[in-house]
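J.: Sharing a structure here in structure tokens format.
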Amino acid sequence: MSQYLVLIYEDETAWANATEAEAGKILAEHGEFGERNRSSLSGGNALQPTSASTTIRRDSSGGFSVTDAPFAETKEALGGYYLIEANDLDEAIEVAKQVPAPFGGVEVHPIRTFD
Amino acid sequence: MVAAVADAHRREWAFVLAATVRVTGDINLGEECVQDAYARALSAWASAGVPANPGAWLTTVARRRALDLKRRDATARRAAPLLLDDDPTPGPDDQVGDRPDIDDDRLRLVFTCCHPALSPDARVALTLRLLCGLTTGEVARAFLVTESTMAARISRAKKKITTARIPYRVPDLAELPARVGAVLDVVHLLFTTGHSAPIGDDLVRRDLVERALDLTRMLRTLLPGDADVAGLLALILLTDARRDTRTDDDGRLLLLAEQDRARWDHAAIIEGVALVREALRRRPPGRFALMAAIAAVHDQAPHYTDTDWNEIVALYDLLVQLWPSPVVALNRAAALGLAHGPSAGLAALDALAEEPQLAGYAYLPAARADFLSRLGRTDQARLAYAEALLLTENTVERDFLTDRLAQLDR
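Going down the list, the protein sequences come from chains Y and H.
Using my numbering, you'd call the opening residue of the first sequence number 1 and step up by one each time.
Using my numbering, you'd call the opening residue of the second sequence number 1001 and step up by one each time.
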């Protein structure tokens, strides 16, 4: 078994503009997804909007620069993730296809293991 | 002997590699063992004769080598290569097995090379490298990039197969049509690249056309019931049937109207037409089947003047619906001009003038130039030919356009 991180990238403004009913429906779909794929899921979370995130980099003088911003400014931002277990990429893609992401899409990224 | 091994290389490479990768579980190690088997064949076949079944012989040798290597630690293998010199070559009395799982193994390799998680460039490169057995240098030359660029592209793709765990297996029935489609796109790209080389002194790159034909025939054997495979095989046969007449003895491009139809490959046409009929039985028909049907209309016209342009326009109408690409619309417009006259054709072409995808495409101004000259609008035709000349880097096509331009002034 291998682990894959399924990263959910979506348009944050679309989320912000969604009605309560729309947002509730999407959350319910995530719940159903979780039930249906219980055996493959090892974890997952939704993230606060990128406006809440802080980027920290080491600066040239040996200190840190701390900025109010996501790491990369993109139209579709990382908004949540699932950690899944699968035998191979095709199985991981099958699970990832079921992840609700109406305002964007998902990226399947294999987890690196060190032996 | 060299010829027998070369022939086996061409015919059996994919089979031998696919069967060996099943043992190694690793493409690089599989390739190494298969190359070793071919090297052994050179001397073994020289002394003992060519085996009755070269593919099975090569597979046995490559698999034995693979099992051998697998038993030893990889580092020990590199540190003490001389210790490995036990001979895995089968002797004349050795039983060389039949072809177990032949179909599945080659299909596994096909679907791995053409996996949608790989970039389109990587899919084409892996297909030539792993299924056709071309060297990295040969693949690089086919796509006009340096050998180091191609080597990096192939190694990146192989690395992704390993790290992302792209599986070595035939997709589920539900996934199969889409995945076969991805494979056929790769083979079709190989064919069109070979059939109309974008750059260079030759119009056709024979080697690529032959590889595409071999691959499609292999897929036809492996997936005999697939209408899209039948359609692509028909398309390649019916288009390539005109290979000998597309240029004259001096390498000058000849139009369909000028080609000597007696020299078309009639056996290929007969085979292609039967395949089109089979492919068109599926509803709705596939893209390749419709393209092949258009080629069949040309191939079956005894003279250029017998061409059924209305039938061709009707087929393009279906194709545009199924495959709404600007290039298809351009071909449809050109056919329309031949069915209903140059004004109709010109109007259809002008409707495509704003298509961004056609902006760098020499065929659009070239087709406009032809209709303009038929309408007697010579000055505009001259401009259009000049525009087309700016857009193609293929020498044969450039000579053709220069010729047409010169004829306007006569």
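All C-beta atoms in this analysis are idealised placements derived from N, C-alpha and C, irrespective of residue type, glycine included.
On a predicted model such as this, the values are computed, not experimentally measured, just so you know.
For chain Y, check one thing: does any of its Cβ atoms lie closer than 8 Å to the Cβ of I1166 (chain H)?
T.: Within the second sequence, residue 1166 (chain H) is the residue found at index 166, counting from 1. Chain Y, which has a Cβ nearer than 8 Å to the Cβ of I1166 (chain H), makes this yes.
J.: Consider the Cβ of P1120 (chain H): report whether some Cβ of chain Y lies at a distance smaller than 8 Å.
T.: Here residue 1120 (chain H) refers to the residue found at position 120 when the second sequence is read from its first residue. No, P1120 (chain H) lies away from the interface with chain Y (no Cβ there is under 8 Å from its Cβ).
J.: Where does D11 (chain Y) fall in DSSP's three states?
T.: Within the first sequence, the letter at position 11 stands for residue 11 (chain Y). In this structure, D11 (chain Y) counts as strand in the three-state DSSP scheme.
J.: In chain Y, what lies closer than 7 Å to A1117 (chain H) by C-beta?
T.: Taking the first residue of the second sequence as position 1, residue 1117 (chain H) is located at position 117. Neighbours of A1117 (chain H) on chain Y, chain order: L89.
J.: Can you check whether the C-beta of S2 (chain Y) is within less than 8 Å of a C-beta belonging to chain H?
T.: On the first sequence, residue 2 (chain Y) is found 2 positions in, with the first residue counted as 1. Yes - at least one Cβ of chain H is within 8 Å of the one on S2 (chain Y).
J.: Could you round the C-beta distance between E1271 (chain H) and L1237 (chain H) to whole angstroms and report it? I think they count as a contact, below 8 Å.
T.: Looking up residue 1271 (chain H) in the second sequence gives position 271. Looking up residue 1237 (chain H) in the second sequence gives position 237. Their Cβ separation, rounded to whole angstroms, is 6 Å, which keeps E1271 (chain H) and L1237 (chain H) in contact under 8 Å.
J.: According to DSSP, is I84 (chain Y) helix, strand or coil?
T.: In the first sequence, the residue the question calls residue 84 (chain Y) occupies position 84. Of the three classes helix, strand and coil, the one that applies to I84 (chain Y) here is strand, per DSSP.
J.: Please list, in chain order, the chain H residues whose beta carbon lies closer than 8 Å to that of P110 (chain Y).
T.: Against the first sequence, residue 110 (chain Y) aligns to sequence position 110. Ordered by position in chain H, the residues that pass the 8 Å Cβ test against P110 (chain Y) are T1163, A1164 and R1165.
J.: When you compare the CB of P1171 (chain H) with every CB in chain Y, is at least one pair closer than 8 Å?
T.: As a working note, residue 1171 (chain H) is residue 171 in the second sequence. True, the Cβ-Cβ gap to chain Y drops below 8 Å.
J.: If L1118 (chain H) and A1157 (chain H) are in contact, beta carbons under 8 Å, what's the gap, nearest whole angstrom?
T.: Within the second sequence, the letter at position 118 stands for residue 1118 (chain H). Within the second sequence, the letter at position 157 stands for residue 1157 (chain H). At roughly 5 Å, the Cβ-Cβ gap stays under 8 Å, so L1118 (chain H) and A1157 (chain H) are in contact.
J.: Which one of H:T1136, H:I1154 and H:T1149 has the shortest CA to CA distance from C1113 (chain H)?
T.: Here the question's residue 1113 (chain H) lines up with position 113 in the second sequence. Considering only alpha carbons, the answer is H:I1154.
J.: At the level of alpha carbons, what is the spacing between V1273 (chain H) and A1295 (chain H)?
T.: Numbered from its first residue, the second sequence carries residue 1273 (chain H) at position 273. Numbered from its first residue, the second sequence carries residue 1295 (chain H) at position 295. Cα to Cα, the separation comes out at about 9 Å.
J.: Taking R1287 (chain H) as part of the alpha helix (DSSP H), name the residues at either end of that continuous run.
T.: The residue given as residue 1287 (chain H) occupies position 287 in the second sequence. Segment R1287 to Q1300, the alpha helix (DSSP H) holding R1287 (chain H).
J.: Which class does Y1168 (chain H) belong to by DSSP, given the choice of helix, strand or coil?
T.: Numbered from its first residue, the second sequence carries residue 1168 (chain H) at position 168. If DSSP states are grouped into helix, strand and coil, Y1168 (chain H) belongs with coil.
J.: How long is the line joining the alpha carbons of E1387 (chain H) and P1342 (chain H), rounded to whole angstroms?
T.: Numbered from 1 along the second sequence, position 387 holds the residue referred to as residue 1387 (chain H). Numbered from 1 along the second sequence, position 342 holds the residue referred to as residue 1342 (chain H). Distance between the alpha carbons of E1387 (chain H) and P1342 (chain H) is about 19 Å.
J.: In this structure, what does DSSP give as the bridge partners for N45 (chain Y)?
T.: Working through the first sequence from its first residue, we reach residue 45 (chain Y) at position 45. According to DSSP, which records beta bridges pairwise, N45 (chain Y) is partnered with Y:Y81.
J.: Just to confirm my understanding: we take L5 (chain Y), look at its own chain, exclude 5 residues before and 5 after, and list those with CB closer than 7 Å. What are they?
T.: Here residue 5 (chain Y) corresponds to residue number 5 of the first sequence, with the count starting at 1. Excluding sequence neighbours, L5 (chain Y) sits near Y81, L83, H109 and I111.
J.: Please report how far the alpha carbon of A1362 (chain H) lies from the alpha carbon of L1067 (chain H), in whole angstroms.
T.: Mapped onto the second sequence, residue 1362 (chain H) falls at position 362. Mapped onto the second sequence, residue 1067 (chain H) falls at position 67. Approximately 54 Å between the Cα atoms of the pair.
J.: Would you kindly check if the distance between the Cβ of L1389 (chain H) and the Cβ of R1398 (chain H) is under 8 Å?
T.: Looking up residue 1398 (chain H) in the second sequence gives position 398. Looking up residue 1389 (chain H) in the second sequence gives position 389. Yes, Cβ-Cβ distance for R1398 (chain H) and L1389 (chain H) is below 8 Å.
J.: Chain H beta carbons: is any one of them nearer than 8 Å to that of L5 (chain Y)?
T.: Locating residue 5 (chain Y) in the first sequence gives position 5, where the first residue counts as 1. Not an interface residue.
J.: Under 8 Å, do L1213 (chain H) and D1240 (chain H) count as touching if we go by C-beta distance?
T.: For the purposes of this step, residue 1213 (chain H) is identified with residue 213 of the second sequence, where counting begins at 1. For the purposes of this step, residue 1240 (chain H) is identified with residue 240 of the second sequence, where counting begins at 1. Cβ distance < 8 Å, so L1213 (chain H) and D1240 (chain H) count as in contact.
J.: Mind checking who G105 (chain Y) pairs with in its DSSP beta bridge?
T.: Taking the first residue of the first sequence as 1, we reach residue 105 (chain Y) at position 105. The partner list for G105 (chain Y) (beta bridge, DSSP) reads Y:Y9.
J.: State the start and end residues of the unbroken beta strand (DSSP E) segment that holds V66 (chain Y).
T.: As a first step, residue 66 (chain Y) is located in the first sequence; it is residue number 66 there, counting from the start. Element bounds for V66 (chain Y): F64 to T67.
J.: Output the distance between the C-alpha atoms of E94 (chain Y) and L1126 (chain H), rounded to the nearest integer angstrom.
T.: Walking along the first sequence from the start, residue 94 (chain Y) turns up at place 94. Walking along the second sequence from the start, residue 1126 (chain H) turns up at place 126. Looking at the two C-alpha atoms, the distance is approximately 24 Å.
J.: Mapping the DSSP letters down to three states, classify R57 (chain Y) as helix, strand or coil.
T.: What you label residue 57 (chain Y) is simply residue 57 of the first sequence in a count that begins at 1. It is a strand residue.
J.: Below 8 Å between beta carbons: does that hold for A86 (chain Y) and S40 (chain Y)?
T.: Reading the first sequence from its first residue, position 86 is the one you call residue 86 (chain Y). Reading the first sequence from its first residue, position 40 is the one you call residue 40 (chain Y). Yes, Cβ-Cβ distance for A86 (chain Y) and S40 (chain Y) is below 8 Å.
J.: By Cβ distance, which residues of its chain are closer than 6 Å to M1 (chain Y), with the 5 residues on each side in sequence left out?
T.: By one-based count along the first sequence, residue 1 (chain Y) stands at place 1. E85.
J.: Per DSSP, S1155 (chain H) is paired with what?
T.: Within the second sequence, the letter at position 155 stands for residue 1155 (chain H). Looking at the DSSP assignment, S1155 (chain H) forms no beta bridge with any residue, so it has no partner.
J.: Using 8 Å as the threshold, is the C-beta distance between A1230 (chain H) and L89 (chain Y) below it?
T.: Start at 1 with the first residue of the second sequence, and residue 1230 (chain H) comes out as number 230. Start at 1 with the first residue of the first sequence, and residue 89 (chain Y) comes out as number 89. No.
J.: Buried or exposed, going by whether 16 or more other CB atoms sit within 10 Å of the CB of P49 (chain Y)?
T.: Stepping through the first sequence from its first residue, residue 49 (chain Y) is reached at position 49. Exposed: under 16 other Cβ atoms inside 10 Å.
J.: Please give me, in chain order, every unbroken run of the alpha helix (DSSP H) with length at least 4 that falls completely inside the region 1319-1358 of chain H.
T.: Fully enclosed alpha helix (DSSP H) runs of 4 or longer: 1326-1340 and 1342-1350.
J.: How many whole angstroms separate the CB atoms of V1276 (chain H) and A1293 (chain H), which I take to be in contact at a CB cut-off of 8 Å?
T.: Walking along the second sequence from the start, residue 1276 (chain H) turns up at place 276. Walking along the second sequence from the start, residue 1293 (chain H) turns up at place 293. Yes, they are in contact, since the Cβ atoms of V1276 (chain H) and A1293 (chain H) sit about 5 Å apart, within 8 Å.
J.: Could you spell out the range, first to last residue, of the alpha helix (DSSP H) harbouring D1240 (chain H)?
T.: Taking the first residue of the second sequence as 1, we reach residue 1240 (chain H) at position 240. Counting along the chain, the alpha helix (DSSP H) containing D1240 (chain H) begins and ends at A1227 to D1240.
J.: Please say whether A1227 (chain H) and L1279 (chain H) have beta carbons closer to each other than 8 Å?
T.: Position 279 of the second sequence, counted from the first residue, corresponds to residue 1279 (chain H). Position 227 of the second sequence, counted from the first residue, corresponds to residue 1227 (chain H). Note on identity: in this sequence residue 1279 (chain H) is Ala, with Leu being the wrong assignment. Yes, these two residues count as a Cβ contact at 8 Å.
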